[in-house]
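Protein chains in written order, with numbering that gives the first Met the number 0: chain A, 0 to 589; chain B, 0 to 329.
Report on one structure; see the data block that follows.
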Amino acid sequence: MERPPIPSETHRVLAAIVVTDAVSFSARMSEDEEGTLRLIQRDLHLMGELCEQAGGQVLKSTGDGLLLSFTSAVQAVSCSQTIQTQLAELAKGRAPQDSLQHRIGIHLGDMLFSHSDVLGNGVNIAARLQTQSVPGGICISQTVYDVVKARLDLEAQFLGPLHLKNIREPVAAYQIPPVGIAPEEAVTGADPLDVAVQSLKQDPDRNRVKKLLFGTRQSVWENDPTVLARFELQELLQALLQRYPTLDALETAFHSIVARLNRQTSYLAVASRILMAVQPVYDQRRIQTSPPAEQTAMSVAVDATAITDGESIYQKIALQLTASPQAIRIRKLLHSIVNNRWENDPAILTQQEMDGLVASVYKIAPTVKELSYHLDRIVNRLSRQDHYARIAETIVGVFQQLYGLEEGTVLAKVEDKTSLNISPHPVQVETGLAADGLAADENEEHTLGDPHLSTQTRWETMPTEGMTRAITIPPGIAPPKIPAEPLVSPRDRSELFALRLEIMRYTNPLRAKILLLSTIRSPFTFTPQDWRLLKAKTLDNLLQETFEYCPSFADLEGKLTIIASCLDNHHANTQAAGAILQAMKPYYAI
Amino acid sequence: MDPQELLDRYAAGEIHFRGIALMGADLSNRDLIGVDLHKADLENVDLTLAYLNRVNLQQANLSRAQLPGANLNQAILSKANLADANLHGASLQGADLRSAQFTLADLMDANLMDADLRNADLSGANLTGACLRGANFRQEKRQYGANLRGANLHQADLEGANLRGADLAFVNLSYANLTAVSLRGADLHGANLMGARLVDANIADAILAGANLQRANLTGVSANRTNFSGANLAQVQLMGARLIEAKLSQVNLVKANLTQAQINRSDLSRSDLTGANLQQASLVEAYLGRTNLEEANLTEAILTRAEMSSANLLNAILAGATMPDNSRHS
């Protein structure tokens, strides 16, 4: 990795900045000066070596930590991971006093070289992020996360927007847990309730946080600050957490209070921040009571589905979902609805039978609206949103059978009037009748009034082929496959005339080239060398290289957006980046 | 006048600066939208990424000017001198460039969509990757056509452009997009059209003698009476092309795809069609003197009254073909 030499006067460089720090170094020094010194020297030496190997630069040492810089965010993160892994490796089998733990923070931003010193907001943010990391872990900013997520396999946990000391804007960050520790535990290493209370105390709207907690707890709205001051945030929160056994219950409670208020939007935002903050507390509760909880969930599911003979509607849906090429992702989404946390471990994911999972989801989301809501809620928190949005659609499509007649749903044969008398609960209904029974029941009047019309018109509006067939096939026959994705195949990249046209139509061609070159190489600096390089590549070349460099659209989006904000004339570049993204999107598989 | 004065007066609302001299001034990144610089002397001026939409630069001297990324959409540049100017990645959409001088100018990746280029002189200009969709080069009367002699149009996008009668001799059009262009009667002799896309283009009566069209895509092209003599058309796609009375003598058509092409009355003498695909092609009255059709596929081709007595048909497939005597080959 080539780096331009650092001139003596002040200049700026965009870099991935890594800051490391040894945990409770001073305390350790006071206990055993020589030993600790030996340890820190060994660790810093190791870090420096790994950094150099990864193409980074050691800019400075703080005595108990290092300031490293990389020209690539991917390198910065993977090098930091290597550092933590190797340090953990070294610490293995030793007494705690024979090793040190380090925190690492990474941010992507401008560094200011002033004479021999390194300054800048980017460095400060990296340093502050470091303090937010758990020992042995890595805390990265959203900016870094966006750039690396497509390239590296990270078990990162979203920490939310953090209010860092002396940093004006909140910085959204992710925690990469220490080696061998699940992300959940890493974040909840401290008492999750304390963490929640701390983060809520830092909330920009902490007065409203308190008012809402108070209001929910006491069922009385209180605006008087003196009254509010008598209650500690912690005790309010604790009381509420005791009263409401699940996050959903708490959410419902908040919403019923907010519904009575004037500034609903602000308070809904406050409520969602509180919910986000307390989620780990609920998660931890679940982990602690995990085995029995899962057991009950299972047995409930089994009871509910009442599998006696033949296959139940749940099994039918489960079969269809399992047959999908995206079965594992479908499982992840459903698991997330039921357990309110994201799980990547296939062993855990496959613990629960699919039909049980379907049944549990149906319990949580008894209407299609609720199902869509839950899926959206989860998908919006994921990195591959487009991808999962499509899978969510598939799930909704298949689940339609349970929900029966909603808009755009297929109504199966309704001649069988007896099915109208069957209970609306699909659980007790035999296969084949389940959908009919539900459908007819919910829309009784309409169906009875004009069965033929409704049957016919609805057949025409059927959403997916797989679904219709699923309803009409007799039991015993293997369910049809869900239509395979992607539904729209990406455009051919062998010739890019249409793409270039699209870009030129909506932005300046030179700016587009500068942005693309900056993305695949390094920020354009308007020096004669950079101009020469730009001249050596056509827009076509740059686009092809960008496709190679950014394997997914999310990757491209992250990189372009960041680069656009790094170059001069921010506004014009953001406009150009938008035009490029819009034009390139159809060339990626979504 | 110095540049600051221009900027100050422009900021104050003045727009008429006809005939001013600002040689070598730095106006990069400036906004001069709609300014009137008619006949101004702007030689070697720096207008990098400047906003010059709708400016009037009629007859202005912009030779050697730095205009990379400049926005000149709808600007009037008729009769302007842009010789040796740098217009890399500039936007000239819908600009009036009639009779403008672009000799040796750099227009790489420039946007010239819908520009009026009638009688413009682009000889020796670099138009690599430029977008010329809907641009008008049309020759209206004699001596009033665009001159693109020796220009570099590699990867340029000319889809739908009107290049009727244009002088494109020895032009580099390799991998260019010439879909649906009109090149009727254009001079393309010695041009490089390797890998170019000429789908549904009209090249009737054009001269392509000695041109390189290797692996070009000419599907559905209209090339009646076109002169291809001595051209290289190896592996070219000519499916459904109309090549009636085309001059195809001494042409390399090795492995060309001429499925369903209409090649009636064309001259294919001494051409090499080894391994070519001529299924269902129509070769009525074609002249195939010493034509090499070794291993060519002529399944169901129509060779009625074709002169092929001296053609080489070694290993050619003639199943179902209509032979010169109107008999059916079995």
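All C-beta atoms in this analysis are idealised placements derived from N, C-alpha and C, irrespective of residue type, glycine included.
Item                                                                                                                                                                                                        : Value
Check this for me: beta carbons of LEU538 (chain A) and GLY128 (chain B), under 7 Å apart or not?                                                                                                           : yes
Between ARG340 (chain A) and ASP247 (chain A), is the Cβ-Cβ spacing less than 7 Å?                                                                                                                          : no
Does GLU565 (chain A) come out as helix, strand or coil in the three-state DSSP assignment?                                                                                                                 : Here the sequence assigns Cys to residue 565 (chain A), which means Glu is not the residue at that position. Helix, per DSSP.
Between LEU509 (chain A) and chain B, is any beta-carbon pair separated by less than 7 Å?                                                                                                                   : yes
Pull up the distance between the alpha-carbon of GLU330 (chain A) and that of MET275 (chain A), whole angstroms please.                                                                                     : A small correction: the amino acid at residue 330 (chain A) is Arg; Glu does not occupy that position in the sequence shown. Looking at the two C-alpha atoms, the distance is approximately 23 Å.
Report yes if the C-beta distance between LEU91 (chain B) and LEU111 (chain B) is below 7 Å; otherwise report no.                                                                                           : yes
Taking only beta-carbon positions, decide if THR127 (chain B) is within less than 7 Å of chain A.                                                                                                           : yes
Compile a chain-ordered list of the residues in the segment 497–522 of chain A whose CB is closer than 7 Å to at least one CB of chain B.                                                                   : ARG499, LEU500, MET503, ASN507, PRO508, LEU509, ARG510, LYS512
Could you tell me which uninterrupted beta strand (DSSP E) segments, each at least 3 residues in length, are contained entirely in the segment 12–84 of chain B, listed from first to last along the chain? : none
Please name the residue in A:ALA497, A:LYS164, A:LEU86 whose C-alpha comes closest to that of ASP97 (chain A).                                                                                              : A:LEU86
Along chain A, in chain order, which residues have C-beta atoms closer than 7 Å to that of PRO67 (chain B)?                                                                                                 : LEU509
Quick check: what's the CA-CA separation for LEU5 (chain B) versus VAL44 (chain B)?                                                                                                                         : 13 Å
Going by other Cβ atoms of all chains shown within 10 Å of its Cβ, with 16 needed for buried, is GLY92 (chain A) buried or exposed?                                                                         : exposed
Tell me which residue opens and which closes the alpha helix (DSSP H) that GLN131 (chain A) is part of.                                                                                                     : 120–131
What number of angstroms, rounded off, separates the C-alpha of VAL378 (chain A) from the C-alpha of ARG328 (chain A)?                                                                                      : 11 Å
Whose C-beta lies closer than 8 Å to the C-beta of HIS451 (chain A) among residues of the same chain, with five residues either side of it excluded?                                                        : Interpretation of HIS451 (chain A) is limited by its pLDDT of 43, a score under 50 that renders its predicted location unreliable; the figure taken from the coordinates is listed afterwards. Closer than 8 Å at the Cβ level, and outside the excluded window around HIS451 (chain A), lies no residue.
Could you give the distance in angstroms between the alpha-carbon of GLY214 (chain A) and the alpha-carbon of GLU221 (chain A)?                                                                             : 7 Å
From this set, B:GLY229, B:GLY159, B:ILE206, B:LEU247, which residue's C-alpha is nearest ASP166 (chain B)'s C-alpha?                                                                                       : B:ILE206
Using beta-carbon positions only, say whether GLY229 (chain B) and ASP199 (chain B) come within less than 7 Å of one another.                                                                               : no
Enumerated in chain order, which unbroken segments of the beta strand (DSSP E) with a length of 3 residues or greater are wholly contained in the segment 16–75 of chain A?                                 : 56–60, 65–69
In chain B, what lies closer than 7 Å to LEU538 (chain A) by C-beta?                                                                                                                                        : ASP108, GLY128
Tell me the rounded alpha-carbon separation between ALA53 (chain A) and GLN80 (chain A).                                                                                                                    : 11 Å
Quick one: is VAL219 (chain A) buried, meaning 16 or more other Cβ sit within 10 Å of its Cβ, or exposed?                                                                                                   : exposed
Taking the C-alpha atoms as reference points, what is the distance between ASN256 (chain B) and ARG389 (chain A)?                                                                                           : 42 Å
In chain A, what lies closer than 7 Å to ASP115 (chain B) by C-beta?                                                                                                                                        : Under the 7 Å cutoff, chain A gives no residues; its nearest Cβ is about 18 Å from ASP115 (chain B).
Could you tell me which whole alpha helix (DSSP H) segments of length 4 or greater appear in the segment 163–228 of chain A?                                                                                : 182–186, 191–200, 205–217, 224–228
Return the Cβ separation of THR245 (chain A) and SER521 (chain A) in integer angstroms, given the expectation that the two are a contact with Cβ distance under 8 Å.                                        : Going by Cβ atoms, the distance from THR245 (chain A) to SER521 (chain A) rounds to 49 Å, so no, they are not a contact pair.
Quick check: is the beta carbon of GLY88 (chain B) nearer than 7 Å to any beta carbon in chain A?                                                                                                           : yes
Report the CB separation of VAL277 (chain A) from ALA195 (chain A) in whole angstroms; it is logged as a contact under 8 Å.                                                                                 : 5 Å
Kindly list the residues whose CB is nearer than 8 Å to the CB of ARG17 (chain B), restricted to its own chain and excluding five residues on each side of it in sequence; keep chain order.                : ASP35, LEU36, HIS37, LYS38, ALA39
Suppose the cutoff is 6 Å on Cβ atoms and the five residues either side in sequence are ignored; what does the same chain contact list for MET322 (chain B) look like?                                      : LEU302, HIS328
Between the Cα of ASP120 (chain B) and those of B:PHE101, B:GLY133, B:ALA155, B:LEU131, spot the shortest distance and give me the residue it belongs to.                                                   : B:PHE101
Could you give the first and the last residue of the continuous beta strand (DSSP E) run that contains SER113 (chain A)?                                                                                    : 101–113
Please classify GLY123 (chain B): does DSSP put it in a helix, a strand, or coil?                                                                                                                           : coil
Is the beta carbon of ALA145 (chain B) less than 7 Å from the beta carbon of LEU172 (chain B)?                                                                                                              : no
So for VAL12 (chain A), helix, strand or coil by DSSP?                                                                                                                                                      : strand
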